[in-house]
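Visitor: Taking the numbering used here, the leading residue of the sequence shown gets 15, the next gets one more, and so forth.
Beta carbons: idealized from backbone N, C-alpha and C, even for Gly.
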Amino acid sequence: MSESELSGPDFQALFEAAPGLYLVLTPELTIVAASDAYLAATMTRRDEVLGRHLFDVFPDNPDDPEATGVRNLRASLDRVLAERRPDTMPVQKYDIRRPAAEGGTFEERHWSPVNSPVLGPGGEVRYIIHRVEDVTDYVRLEAHGSVMAAEIFQRQRDLDDANGRLRAANHELKALSERLQELDRLKTQFFANVSHEFRTPLTLMLGPLEELLAMDRTRLAPPARQLVMIAHRNSIRLLKLVNSLLDFSRLEAGRVEPAFQQVDLAALTTELAGQFRILCQRAGIRLVLNMPRMEEPAWVDRGMWERIVLNLLSNAVKFTFEGEIEVTLRRSISQRDVELVVRDTGSGIPPEELPLIFDRFHRVEQTVARSHEGTGIGLALVRELVTLHGGSVSVSSERGRGSTFTVRIPLGAAHLPQRAIRPAAPAPDQTRPYVEEAARWIEATEPEPSGDGRRGRPYVILAEDNADLRTYIRRLLDGRCEVHAVADGQAAFDAALARYPSLILTDVAMPRLDGFALLRKVRTEPALRGVPVIMVTSRADDAALAEGLEGGADDYLIKPFTARELIARVTKVLELGRAREALERIGGGPEQRNGS
Ligand code: ADP
15 MSESELSGPD FQALFEAAPG LYLVLTPELT IVAASDAYLA ATMTRRDEVL
65 GRHLFDVFPD NPDDPEATGV RNLRASLDRV LAERRPDTMP VQKYDIRRPA
115 AEGGTFEERH WSPVNSPVLG PGGEVRYIIH RVEDVTDYVR LEAHGSVMAA
165 EIFQRQRDLD DANGRLRAAN HELKALSERL QELDRLKTQF FANVSHEFRT
215 PLTLMLGPLE ELLAMDRTRL APPARQLVMI AHRNSIRLLK LVNSLLDFSR
265 LEAGRVEPAF QQVDLAALTT ELAGQFRILC QRAGIRLVLN MPRMEEPAWV
315 DRGMWERIVL NLLSNAVKFT FEGEIEVTLR RSISQRDVEL VVRDTGSGIP
365 PEELPLIFDR FHRVEQTVAR SHEGTGIGLA LVRELVTLHG GSVSVSSERG
415 RGSTFTVRIP LGAAHLPQRA IRPAAPAPDQ TRPYVEEAAR WIEATEPEPS
465 GDGRRGRPYV ILAEDNADLR TYIRRLLDGR CEVHAVADGQ AAFDAALARY
515 PSLILTDVAM PRLDGFALLR KVRTEPALRG VPVIMVTSRA DDAALAEGLE
565 GGADDYLIKP FTARELIARV TKVLELGRAR EALERIGGGP EQRNGS
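(1) Should residue 332 go down as buried or exposed, given a rule of 16 or more other Cβ atoms within 10 Å for buried?
(2) Measuring alpha carbon to alpha carbon, tell me which residue in 297, 89, 346 and 353 is nearest residue 322.
(3) Looking at the unbroken alpha helix (DSSP H) that takes in residue 222, where does it start and where does it end?
(4) Using CA coordinates, which residue listed in 246, 212, 207 and 211 is at the minimum distance from residue 225?
(5) Measure the C-alpha to C-alpha separation of residue 381 and residue 597 and round it to an integer number of angstroms.
(6) Which ranges would you report for the beta strand (DSSP E) in the stretch 492-549 if only whole runs of at least 3 residues count?
(7) Quickly, what does DSSP pair residue 473 with across the bridge? List them, please.
(8) Do residue 286 and residue 250 have their C-beta atoms closer together than 8 Å?
(9) As a quick exercise: from 384, 543 and 451, pick the residue whose alpha carbon is nearest that of residue 523.
(10) Taking the alpha-carbon positions, what's the residue 420 to residue 339 distance?
(11) Report the rounded CA-to-CA distance for residue 386 versus residue 525, giving the unit in angstroms.
(12) Just to check, is the beta-carbon of residue 363 closer than 7 Å to a non-hydrogen atom of ligand 1?
(13) Given a threshold of 16 other Cβ atoms within 10 Å of its Cβ, counted over all protein chains shown, does residue 129 qualify as buried or as exposed?
(14) Quick one: grab the DSSP three-state call for residue 354.
(15) Between the C-alpha atoms of residue 283 and residue 307, what's the straight-line distance to the nearest angstrom?
(16) Taking just the CA atoms, how far does residue 217 sit from residue 228?
(17) Roughly how many angstroms lie between the CA atoms of residue 529 and residue 335, to the nearest whole one?
(18) Using the C-alpha atoms, what's the distance from residue 91 back to residue 28?
(19) Where does residue 546 land, buried or exposed, given buried means 16+ other C-beta within 10 angstroms?
(20) Counting beta carbon pairs with one atom in the stretch 120-129 and one in the stretch 138-157, are three or more of them shorter than 8 Å?
(21) Residue 323 lies in the alpha helix (DSSP H); which residues open and close that run?
(22) Quick one: grab the DSSP three-state call for residue 146.
(23) Could you give the distance in angstroms between the alpha-carbon of residue 84 and the alpha-carbon of residue 24?
(24) How far does the beta strand (DSSP E) with residue 271 in it reach, from first residue to last?
(25) Hey, does residue 190 have any beta-carbon neighbour from chain C nearer than 8 Å?
(26) Apart from the five residues on each side of it in sequence, which residues of its chain come closer than 8 Å, Cβ to Cβ, to residue 271?
(27) Taking 8 Å as the threshold, find out whether the stretch 130-139 comes into contact with the stretch 107-115 through three or more Cβ pairs.
(28) Do you know how far the Cα of residue 310 is from the Cα of residue 348?
(29) For residue 292, count neighbouring C-beta atoms within 10 Å of its own C-beta (all shown protein chains included) and say buried if the count is 16 or more, exposed if not.
(30) In chain order, what residues of the same chain lie with their CB nearer than 7 Å to the CB of residue 26, ignoring the 5 residues before and after it?
(31) Using 8 Å as the threshold, is the stretch 313-327 in touch with the stretch 439-452, meaning 3 or more CB pairs across them?
(32) Residue 597 by DSSP, collapsed to three states: which one?
(33) At the level of alpha carbons, what is the spacing between residue 588 and residue 248?
(34) Alpha carbons only, please: which of 457, 235 and 274 is nearest the one belonging to residue 481?
(35) Using a 10 Å radius around the Cβ and a threshold of 16 neighbouring Cβ atoms, would you call residue 144 buried or exposed?
(36) When burial is assigned at 16 or more other CB atoms within 10 Å of the CB, is residue 467 buried or exposed?
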């Protein structure tokens, strides 16, 4: 140990090496001592600062017009001198000038200073110890923290806003959904009311028509009888439509009370399917029935089961042109259900349509069918009725190969509500409307005898898939024209190519080739371009009319039309056609059509 060490510690060395940032000032603020740490933190050297005035060494950053470091420090030091007590300053931004060698620019720094007086024997201030802590990192962190906090705050507010909007949207959606439900209910109610209203006038049409049909030949001669038959058949069709609408709306409104009874399903189904046998024979389709007797009884609502079978069977007839329709009743593999399988070798259903096929009002466009009549209610009704029985219905189909509909209903009565097991009220026969409707489709697709030898009159090709309407229009025109009636657009086109007609009178919705497509084909076929065309449509909307007029139709007949209207329009267009032909003969040049 050296002598000097023994004589006492080297206070200067200790002070300078102390682990803190210290500066010692005289009351005049001249720097008289500085710790190494202070010098390092402020990027200064001891020989540069000792003996100099504090603010000469540490001036404000001249580039920072808001710098308050000098002013705050002076105020604190003044307080120490006056009050002779330590003074803790709030955190100061007091930028440090880098050494000249490093460019002499200022570096942002934040400090936490404490100024403490060192008093002399008389209590006077001899020195001021200026101790600082470099809190730049804390301040930066804090600033960063507050930016983050602000961001989090903002995000939270955005989130709250979004939540608010979501709640409002939800509210709106709920209101909308309630409104939709209400509209749906009103629509169902409207259907129910309208359907109901239709039934009275329909009854008053059917009754008298049946009375007329019951008369003998002397009182109702054959031509009149045929007209009455058309009216009668179509009143029945209207009744069937109205009944299914009514049924459907009642089902949807939950206003149907099924009456489940133990029924010999094999016998009932055989009887129902048998009604289609003659029709199938006429249409050249085999009807195959597989109906083994079931050992375990099934409980069904008789009327509803009839609806299910009739709908599936009449669809099969509608879409099948050759091959067979097979109706099978069997136990399911699980033995718990009875299965009704209606399989046809008809036009089939495109795969993308299969999931939609049981939706109400859903119809597949462009399917090859015996008729384009339909509302899209049949299968929706089947599904509702099957569901009421605690069962399910499914379909598999291959385009061009056929379709198979399978109805599954649990056997026994354990799954049914006790109060619904009761005898049913007597109900009118439902089979006839279905069978008569199918008969019309088959008639519609049977080949018509062509040419009736009444040449010399205007030759009119009539394309209409509804057999009754075809017969009716043909009768109206028979005295005036030679009518060749066909069931679809393609047949009309072929007939026109075979013999140039004076007029084509065509329906719009038809199988194979519809009216618009027929019109396009006629107008682009050089041999037929000049043939006058009248379109018969039930689409009274402007778009449909425009489509026909643009396509070059000469006139329109909108269903329902009167006999007078039909004859007037046909006569007018025939006259126009004759005038056009005459002009051409005189040499009027290439024909100009104006489509009106
Ligand atoms: P609609 O017969 O009145 O159009 P449905 O609800 O009975 O209404 O049938 C809906 C659609 O399902 C039909 O338009 C038809 O395209 C299709 N469809 C139903 N049964 C068959 C079938 N056996 N073969 C082919 N398509 C069918």
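Guide: With the structure as the only source:
(1) buried
(2) 353
(3) 150-227
(4) 246
(5) 43 Å
(6) 496-500 and 517-521
(7) 496
(8) no
(9) 384
(10) 13 Å
(11) 6 Å
(12) yes
(13) buried
(14) strand
(15) 11 Å
(16) 16 Å
(17) 22 Å
(18) 25 Å
(19) buried
(20) yes
(21) 316-333
(22) strand
(23) 33 Å
(24) Premise fails: residue 271 is in no beta strand (DSSP E) and is neither H nor E.
(25) Annotation note: the requested chain C is absent from the structure, which comprises a single protein chain.
(26) 434
(27) no
(28) 14 Å
(29) exposed
(30) none
(31) yes
(32) helix
(33) 30 Å
(34) 457
(35) buried
(36) Below a pLDDT of 50, predicted positions are generally treated as unreliable, and residue 467, at 43, falls in that range; no measurement from the model is reported.
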